[in-house]
Amino acid sequence: MCTHEQKGQKEGEKESQDSKGGMQTIKCVVVGDGAVGKTCLLISYTTNAFPEEYIPTVFDNYSAQTAVDGQLVSLNLWDTAGQEEYDRLRTLSYPQTNIFVICFSIGNPSSYANVRHKWHPEVSHHCPNVPVLLVGTKRDLRNDTETVKKLKEQSLVPTTPQQGTSLAKQVGAVKYLECSALMQDGVHEVFSEAVRAVLYPATKKNTKKCCSQQAAKRSTYCLSAYRTSWLEGARNAAVTCVSGNFPFSY
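Heads up: the sequence shown is residues 185 to 434, going by this note's numbering.
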């Protein structure tokens with residue numbers, strides 16, 4: 185599990201940052217089906233170039249320094265294998281993760297479905313308190329004639345932005361983003377948002393507060409409705425008694 189190790193890591197990083205003036209280190213692990221563009225996304229981000237050939241990844245690491253909202257951070261980027269045969273090996277990279285980036289290809293509907301069926305259950309099981317960023321890769325395929333044609337033959341279409349946003353809400357992701365490593369479109373935004381998710385974590389305290397306020401409003405409404413109903417009943421009973429029709433038996 186990531187929870188305790190991550191907490192210790194964050195505390196250690198904070199102390200190091202305060203005492204030595206060093207930058208914060210963030211571990212970002214990228215997961216998703218094989219061939220959805222995880223490696224291309226990472227290479228495009230770190231080198232500003234698109235790789236010419238596809239080589240399936242087992243494990244790979246990249247490093248980058250970036251400034252987000254005026255704060256300089258060191259990003260440790262972990263590329264993982266999406267193939268089923270690496271399921272047990274892949275999870276060895278999860279300890280001390282600060283943020284997961286779950287990827288699916290906009291031109292591959294099955295990779296979209298696997299976010300819900302495989303990837304989110306896997307990372308939430310091993311690291312239940314670590315934030316998740318959902319990313320639709322290969323955005324250029326949404327309007328690619330050949331891709332659209334092949335999907336149409338299977339009665340399928342590319343994933344829409346609305347579907348991506350809906351899925352992000354379903355799995356509790358901090359945000360949904362789309363990018364195209366081939367076109368260098370939206371790549372840097374992905375990792376800027378990943379950093380923000382770590383620097384400015386969403387707190388459950390606010391959620392509880394909102395829930396408590398909503399519960400209080402519901403309670404007030406129910407009490408008011410009950411009071412109105414009781415007064416109406418009492419009024420009707422009084423009218424009945426005055427007319428001589430006593431509804432009570434003694």
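For glycine and all other residues, C-beta sits at the position ideal for the given N, C-alpha and C.
Cβ-based burial, residue i [other Cβ within 10 Å; buried from 16]
i, result
"Lys222", "buried"
"Leu276", "exposed"
"Pro486", "The chain is shown from 185 up to 434; residue 486 falls before or after that span and cannot be answered."
"Ser295", "buried"
"Ala251", "exposed"
"Gly254", "exposed"
"Gly289", "It should be noted that the sequence gives Ser, not Gly, for residue 289. Counting Cβ neighbours within 10 Å, Ser289 comes out buried, since at least 16 surround it."
"Asp271", "exposed"
"Ser364", "buried"
"Thr331", "buried"
"Gly291", "buried"
"His304", "buried"
"Ala421", "Any reading at Ala421 needs caution, since the residue's pLDDT is 40, under 50, leaving its predicted position unreliable; the model's value is listed next. Classification for Ala421: exposed."
"Ile210", "buried"
"Leu273", "exposed"
"Ala155", "Outside the displayed range of the chain (185 to 434) lies residue 155, so it cannot be described from this structure."
"Arg323", "buried"
"Ala386", "exposed"
"Thr344", "exposed"
"Tyr238", "exposed"
"Glu268", "exposed"
Reduced DSSP category for residue i - H, G, I as helix; E, B as strand; rest coil
i, result
"Gln368", "coil"
"Ser289", "strand"
"Thr329", "helix"
"Val316", "strand"
"Leu340", "coil"
"Phe234", "coil"
"Tyr229", "helix"
"Tyr278", "coil"
"Tyr173", "An answer regarding residue 173 cannot be provided, because it is not within the stretch 185 to 434 covered by the chain."
"Pro345", "helix"
"Cys311", "coil"
"Pro305", "helix"
"Ala378", "helix"
"Tyr296", "helix"
"Ala386", "coil"
"Val220", "coil"
Per DSSP, the bridge partner or partners of residue i
i, result
"Asp263", "Val214 and Asp244"
"Val252", "Gln255"
"Thr321", "Ser289"
"Glu373", "Note: Glu373 sits in no beta bridge, so no partner."
"Thr209", "Ser258"
"Ile283", "Cys212"
Rounded distance between the beta-carbons of residue j and residue i, thought under 8 Å
i, j, result
"Val285", "Val319", "6 Å"
"Phe375", "Tyr229", "6 Å"
"Val355", "Val316", "7 Å"
"Ala352", "Ile283", "Rounded, the Cβ-Cβ distance is 14 Å, inconsistent with contact."
"Cys287", "Thr329", "Incorrect: roughly 24 Å between the Cβ atoms, too far for contact."
Contact with chain B by residue i, beta-carbon distance below 8 Å
i, result
"Pro305", "Going by chain labels, chain B is absent from the structure shown, which holds only one protein chain."
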